[in-house]
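Everything below concerns the one structure shown next.
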Amino acid sequence: MTETHVTTRPAAAASRRAFFRPILVLLWCFLALSAAMLAFLAALTSLGHAVDIAIWIRCSFVLASSVILLLLGVFAARGSRVSWVRLRIIAPIVVLAVIVIVSIPGFLPDWVRIEQAVCGALVLPVAILANLPRAGALFRRDA
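Positions 1 to 143 (UniProt numbering) are the ones given, in order, by the sequence shown.
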């Protein structure tokens, strides 16, 4: 009887890791794009171009959210139910925030709005996948 638990546990972990693989790829891309944007802003500033403080703040928040989402995704892929629940909640909030920020006319330059929209497009599938019923089936409920 203990053999059944030994064989099902690695199978469940492998299944969970396979399910989270595309989520982690998307979140790594989100992190890379956010970091590249901040590096680009630093390069612009060092070349003497004025960059509005709102752009710096917004891009810093996006980078912070990408780090948080990636950590939650990694921990969820390793089996943390709490991290999965937080990922389910935070990813749609990030998508909503991006939609609101991008839709405000004149708030950000077009090139920043495009970058923000791409970030939102990377997080949208994460929000969808994390909220699928089969994602919940990958985590045991503690009684």
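We treat Cβ as the ideally placed atom computed from N, Cα and C, and that holds for glycine.
Burial state of residue i (16 or more Cβ within 10 Å)
| i | result |
| --- | --- |
| I101 | buried |
| V94 | buried |
| V82 | exposed |
| I104 | exposed |
| A77 | buried |
| W111 | exposed |
| V25 | exposed |
| T4 | Here the model assigns T4 a pLDDT of 39, short of 50, so the residue's position is not dependable, and the following value carries that caveat. The residue in question, T4, is exposed, as its Cβ has fewer than 16 Cβ neighbours within 10 Å. |
| L132 | exposed |
| I89 | exposed |
| I53 | exposed |
Same chain only: Cβ atoms within 7 Å of residue i, ignoring 5 sequence neighbours per side
| i | result |
| --- | --- |
| A91 | L69, V123, V126, A127, A130 |
| L63 | S34, A35, L38 |
Beta-carbon contacts of residue i that lie in its chain and below 6 Å, excluding the five residues immediately before and after
| i | result |
| --- | --- |
| G106 | none |
| R17 | A77 |
Pick from the options that is closest to residue i, judged by C-alpha positions
| i | options | result |
| --- | --- | --- |
| A121 | V67, L27, P109, R21 | L27 |
| A13 | R86, S80, A117 | S80 |
| I99 | I114, I53, L132 | I114 |
| L96 | A54, P133, R134, C119 | C119 |
| A135 | R9, F19, A11 | F19 |
| I57 | L138, R88, Q116, P10 | Q116 |
| S65 | L138, L31, P109 | L31 |
| L108 | A42, I55, A50, S15 | I55 |
Own chain partners of residue i with C-beta closer than 8 Å, once the 5 adjacent residues on each side are dropped
| i | result |
| --- | --- |
| L41 | V51, I55, W56, C59 |
Would you call the stretch 44 to 59 in contact with the stretch 134 to 142, where contact means no fewer than 3 C-beta pairs closer than 8 Å? no
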